[in-house]
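Peer 1:
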Amino acid sequence: MEPTVREAVFVAPAEQDDRDRMRRAHAAAAQQFQVSASGLEVWGWQGRTLGRRAGDCWLRVVSTSKDKVGGRLWEGTATADTHVPRSVPRPRLRDVLDWTAADVAYRAELTEYVPVSPVTSGTPALDQDIALPDSWWAALKSALGALATVPTDRESVRQNWVDRNFRRFLGIDPVRIRETTTGHADLHWANLTRAPLVLLDWENWGRLPVGYDVGLLHAYSLAAPATAARIRREFAHVLDTGAGRTGELVALAQLLQACSRGVHPTLTPLITRRARELTRTPVPPTR
Numbered sequence: 004m005e006p007t008v009r010e011a012v013f014v015a016p017a018e019q020d021d022r023d024r025m026r027r028a029h030a031a032a033a034q035q036f037q038v039s040a041s042g043l044e045v046w047g048w049q050g051r052t053l054g055r056r057a058g059d060c061w062l063r064v065v066s067t068s069k070d071k072v073g074g075r076l077w078e079g080t081a082t083a084d085t086h087v088p089r090s091v092p093r094p095r096l097r098d099v100l101d102w103t104a105a106d107v108a109y110r111a112e113l114t115e116y117v118p119v120s121p122v123t124s125g126t127p128a129l130d131q132d133i134a135l136p137d138s139w140w141a142a143l144k145s146a147l148g149a150l151a152t153v154p155t156d157r158e159s160v161r162q163n164w165v166d167r168n169f170r171r172f173l174g175i176d177p178v179r180i181r182e183t184t185t186g187h188a189d190l191h192w193a194n195l196t197r198a199p200l201v202l203l204d205w206e207n208w209g210r211l212p213v214g215y216d217v218g219l220l221h222a223y224s225l226a227a228p229a230t231a232a233r234i235r236r237e238f239a240h241v242l243d244t245g246a247g248r249t250g251e252l253v254a255l256a257q258l259l260q261a262c263s264r265g266v267h268p269t270l271t272p273l274i275t276r277r278a279r280e281l282t283r284t285p286v287p288p289t290r
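When the letters of the sequence shown are read in order and numbered with the numbering used here, they come out as residues 4 to 290.
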């Protein structure tokens with residue numbers, strides 16, 4: 004099962020054959036859409052996606068085995084385009100193309116190109132503080148507030164994950180998720196542009212615990228203490244509640260799962276310390 008928290012960003016497949024296969028698929032999609040892809044390659048989680056600029060569009064190709072076609076991640080971008088209000092700033096979807104070759108399925112998504120750079124590139128985490136205008140923070144609060152009102156049966160974070168993993172990664176009994184909201188579910192700095200704010204990558208959006216999104220963003224900011232403090236101030240009305248604490252704990256537990264696999268080595272002790280602050284319990288060693 005894929006983890007909710009992405010464990011790597013912009014990583015090309017290790018095998019040359021897989022890189023060539025994805026590049027051929029991207030070129031085929033560009034031909035079908037009658038666009039010319041000329042921008043730099045941007046690889047996604049474990050090399051399962053490849054995106055490039057194509058004029059005033061962004062062309063992204065997703066691949067998976069044929070037996071895993073469909074489902075929440077496969078349909079996330081398309082369902083967000085039709086269900087999430089335009090008051091939430093995000094790229095507009097222009098076209099979708101599905102096909103299969105051998106035992107691999109592909110989906111190509113043609114969206115409008117966003118000219119503003121993400122806050123980070125190649126990593127979801129900050130390694131130093133950033134200066135963002137007050138208007139940016141206001142836009143983020145407004146976007147998450149509008150997103151919270153969207154009805155959906157998409158479930159991004161499940162209680163059974165909490166039940167199976169809290170003892171292993173936090174050293175505490177599982178908590179019960181009692182308050183949920185609709186959220187982005189992958190809210191990190193590579194998915195947020197600088198001003199003006201745009202939210203990128205809508206694969207995983209859906210229902211999740213209150214506090215999960217901003218708890219995740221806060222965790223990815225722990226190496227930038229002034230920015231982390233700004234998040235806690237801006238979203239105190241969420242994080243300083245019982246429900247918000249639960250959502251933050253789920254985000255921390257999922258990040259610790261990623262850390263146990265060697266991801267985010269410099270962030271691991273900071274995430275561990277934050278989890279211990281919330282639970283007052285030593286975090287089990289990662290292995």
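Where a beta carbon is used, it is the ideal one built from N, C-alpha and C, also for glycine.
When DSSP labels each residue in this structure, what does Gly174 get in the three-state scheme?
Peer 2: Position 171 of the sequence shown, counted from the first residue, corresponds to residue 174. Gly174: coil per DSSP, three-state reduction.
Peer 1: Taking DSSP as the reference, what is the three-state secondary structure of Ala104?
Peer 2: Residue 104 sits at position 101 when you count from the first residue of the sequence shown. Reduced to three states, the DSSP call for Ala104 is strand.
Peer 1: Less than 7 Å separating the beta-carbons of Leu173 and Ala239?
Peer 2: Residue numbering aside, residue 173 sits at position 170 when the sequence shown is read from its first letter. Residue numbering aside, residue 239 sits at position 236 when the sequence shown is read from its first letter. Their beta carbons are not under 7 Å apart, which means Leu173 does not touch Ala239 by this criterion.
Peer 1: Nearest-angstrom Cα distance between Thr271 and Gly247?
Peer 2: Counted from its first residue, the sequence shown places residue 271 at position 268. Counted from its first residue, the sequence shown places residue 247 at position 244. Spanning the two alpha carbons is a distance of roughly 22 Å.
Peer 1: When you compare each of Arg63, Ala232, Thr282 to Ile175 by their alpha carbons, which one comes out closest?
Peer 2: Sequence index remark: in the sequence shown, residue 175 carries index 172 (1-based). Here the closest residue by C-alpha is Thr282.
Peer 1: Under 7 Å between C-beta atoms, does Ile180 make it to chain D?
Peer 2: No chain D is part of this structure, which consists of one protein chain only.
Peer 1: By how many angstroms is the C-alpha of Glu251 removed from the C-alpha of Asp216?
Peer 2: Locating residue 216 in the sequence shown gives position 213, counting from the first residue. Locating residue 251 in the sequence shown gives position 248, counting from the first residue. Cα to Cα, Asp216 sits roughly 8 Å from Glu251.
Peer 1: Counting Cβ pairs, one atom from each stretch, are 3 or more of them under 8 Å apart for the stretch 223-232 and the stretch 113-133?
Peer 2: yes
Peer 1: Spell out a yes or no on whether the stretch 191-210 and the stretch 162-170 are touching, meaning 3 or more CB-CB pairs, one atom from each, closer than 8 Å.
Peer 2: no
Peer 1: Ignore the nearest five residues each way along the sequence and tell me which others in Pro88's own chain have a CB closer than 6 Å to its CB.
Peer 2: Within the sequence shown, numbered from 1, the residue matching residue 88 stands at position 85. These residues qualify, in order along the chain: Ala149.
Peer 1: Restricting to Cα atoms, I'd like to know which of Gln37, Pro268, Pro136, Asn207 is closest to Tyr223.
Peer 2: Along the sequence shown, read from residue 1 onward, the residue named residue 223 stands at position 220. Out of Gln37, Pro268, Pro136, Asn207, Pro268 has the C-alpha closest to the C-alpha of Tyr223.
Peer 1: Write down the C-beta distance between Ser39 and Ala57 rounded to the nearest angstrom, noting that I regard them as a contact closer than 8 Å.
Peer 2: The residue you call residue 39 lines up with position 36 of the sequence shown. The residue you call residue 57 lines up with position 54 of the sequence shown. 6 Å between Cβ atoms; contact.
Peer 1: Under the assumption that Thr67 contacts Arg55 (Cβ atoms under 8 Å), give the Cβ distance between them as a whole number of angstroms.
Peer 2: Locating residue 67 in the sequence shown gives position 64, counting from the first residue. Locating residue 55 in the sequence shown gives position 52, counting from the first residue. With a contact defined as Cβ atoms closer than 8 Å, Thr67 and Arg55 miss out at about 19 Å.
Peer 1: Measuring CB to CB, does Thr184 end up less than 7 Å from Val213?
Peer 2: Translated into the one-based positions of the sequence shown, residue 184 becomes position 181. Translated into the one-based positions of the sequence shown, residue 213 becomes position 210. In contact: Thr184 and Val213 (Cβ atoms closer than 7 Å).
Peer 1: Considering Cα atoms alone, identify which of Ser120, Arg210, Leu258 is closest to Gly218.
Peer 2: Within the sequence shown, the letter at position 215 stands for residue 218. Taking only the C-alpha atoms, the option nearest Gly218 is Leu258.
Peer 1: Can you tell me the Cβ-Cβ gap for Ala231 and Pro136, rounded? I've got them flagged as a contact below 8 Å.
Peer 2: Counting from 1 along the sequence shown, the entry for residue 231 is found at position 228. Counting from 1 along the sequence shown, the entry for residue 136 is found at position 133. Their Cβ separation, rounded to whole angstroms, is 18 Å, which puts Ala231 and Pro136 out of contact at 8 Å.
Peer 1: What distance in whole Å lies between the Cβ atoms of Trp61 and Thr114, which are believed to be in contact at a cut-off of 8 Å?
Peer 2: Taking the first residue of the sequence shown as position 1, residue 114 is located at position 111. Taking the first residue of the sequence shown as position 1, residue 61 is located at position 58. Right, their Cβ atoms sit about 5 Å apart.
Peer 1: Cα-Cα, which of Pro94, Ala111, Ser90, Asp106 is closest to Leu100?
Peer 2: As a first step, residue 100 must be located in the sequence shown, where it is residue number 97. Measuring from the Cα of Leu100, the nearest candidate turns out to be Ala111.
Peer 1: With DSSP as the reference, label Gly47 as helix, strand or coil.
Peer 2: For this step, residue 47 is matched to residue 44 along the sequence shown. The answer is coil: DSSP assigns Gly47 none of H, G, I, E or B.
Peer 1: Return the CA-CA distance between Ala17 and Val160, expressed in angstroms with no decimal places.
Peer 2: Position 14 of the sequence shown, counted from the first residue, corresponds to residue 17. Position 157 of the sequence shown, counted from the first residue, corresponds to residue 160. Cα to Cα, the separation comes out at about 29 Å.
Peer 1: Going residue by residue through the stretch 16-97, where are the continuous beta strand (DSSP E) segments of at least 3 residues, counting only ones entirely within it?
Peer 2: As for any beta strand (DSSP E) of minimum length 3 sitting wholly inside the stretch 16-97, the runs are 52-57, 60-68, ordered along the chain.
Peer 1: Based on the DSSP output, what are the partners of Pro212 in its beta bridges?
Peer 2: Working through the sequence shown from its first residue, we reach residue 212 at position 209. DSSP output for Pro212 lists Thr183 as bridge partner(s).
Peer 1: Reducing DSSP to helix, strand and coil, say where Pro121 ends up.
Peer 2: If you number the sequence shown from 1, residue 121 lands on position 118. Pro121: strand per DSSP, three-state reduction.
Peer 1: Near Thr284, which residues of its chain fall below 6 Å by C-beta distance, leaving aside the five closest residues on each side in sequence?
Peer 2: In the sequence shown, counting from the first residue as 1, residue 284 sits at position 281. Only Gly174, Ile175 meet the Cβ criterion.
Peer 1: Please report how far the alpha carbon of Thr275 lies from the alpha carbon of Asp21, in whole angstroms.
Peer 2: To locate residue 275, count along the sequence shown from 1; it is residue 272. To locate residue 21, count along the sequence shown from 1; it is residue 18. One C-alpha to the other measures close to 35 Å.
Peer 1: Rounded to a whole number of angstroms, what is the C-alpha to C-alpha distance between Gly73 and Ala31?
Peer 2: Taking the first residue of the sequence shown as position 1, residue 73 is located at position 70. Taking the first residue of the sequence shown as position 1, residue 31 is located at position 28. Rounded to the nearest angstrom, the two C-alpha atoms are 21 Å apart.
Peer 1: Whose CA, out of Arg277, Asp23, Asp98, Ala254, lies closest to the CA of Gln35?
Peer 2: In the sequence shown, residue 35 corresponds to position 32, counting from 1. Nearest option by C-alpha distance: Asp98.
Peer 1: In terms of alpha-carbon separation, which member of Val241, Pro121, Pro288, Ala151 lies closest to Arg264?
Peer 2: In the sequence shown, counting from the first residue as 1, residue 264 sits at position 261. Of the listed residues, the one whose Cα sits closest to Arg264 is Pro288.
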